[in-house]
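Everything on this sheet refers to the single structure shown next.
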Amino acid sequence: MPLKKKFLKNNSKCEVTFTVSPEAAQGAQTIHIAGDFNSWSSKEDQLKKGKDGTFSIKIELDADKEYQFRYLVDGKRWENDWKADKYVPAPYSSTDNSVVSTKLE
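UniProt numbering applies: residue 1 is where the sequence shown begins, and numbers increase by one.
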């Protein structure tokens, strides 16, 4: 499922729904999202697990920006979003970070 975006407050804010499918979650018990928007905190924003095994969270972000992020699965495994807007090289490792864009299209 792609990142769901809803623009608010005269398009100055964007509510983004981040979703991890059951296939991507691979039986996870917990998933947290860490990114530019929460100072890369791996404990602050935990996704809620639905009855169908899908994890999701809604986060309000400033519009007209791009934010890098990743998911931390069960406190051990970092994963990218399979449907991110794009991917960029991570500055401190040899992997990529997911990117969500809140720019009006």
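In this text, a Cβ means the ideal position worked out from N, Cα and C, and glycines have one as well.
Remember, it's a predicted structure, so these values are computed and weren't measured experimentally.
Collapsed DSSP secondary structure at ASP36 in the structure displayed: Judged by DSSP in its simplified three-state form, ASP36 adopts helix.
For the beta strand (DSSP E) containing GLU66, list its first residue and its last residue. The continuous beta strand (DSSP E) containing GLU66 extends over residues 66-73.
For PRO2, name the three-state secondary structure that DSSP assigns. Assignment of PRO2 by DSSP, reduced to helix, strand and coil, places it in the coil class.
So which of ALA34, TRP82, ILE31, ILE57 has the shortest CA-CA distance to LYS5? Considering only ALA34, TRP82, ILE31, ILE57, the residue with the shortest C-alpha distance to LYS5 is ILE57.
Within the continuous alpha helix (DSSP H) that includes PRO22, where are the two ends? For PRO22, the enclosing alpha helix (DSSP H) covers residues 22-25.
Is it the case that the Cβ atoms of PRO2 and LYS83 are separated by a distance below 7 Å? The answer is yes: Cβ separation under 7 Å.
Please look up how many angstroms separate the CB atoms of ASP36 and ILE59, rounded, as I've assumed it's under 8 Å. No, ASP36 and ILE59 are not in contact; Cβ-Cβ is about 11 Å, not under 8 Å.
Residues that DSSP places opposite TRP82 in a beta bridge: Answer is none; TRP82 lacks a bridge partner.
Give me the Cβ distance between PHE7 and ILE33, rounded to the nearest whole Å; I'm assuming they're in contact under 8 Å. Actually they are not in contact, since the Cβ atoms of PHE7 and ILE33 sit about 20 Å apart, beyond 8 Å.
Using 8 Å as the threshold, is the stretch 90-100 in touch with the stretch 67-81, meaning 3 or more CB pairs across them? In this structure the stretch 90-100 touches the stretch 67-81; the number of beta carbon pairs closer than 8 Å is three or more.
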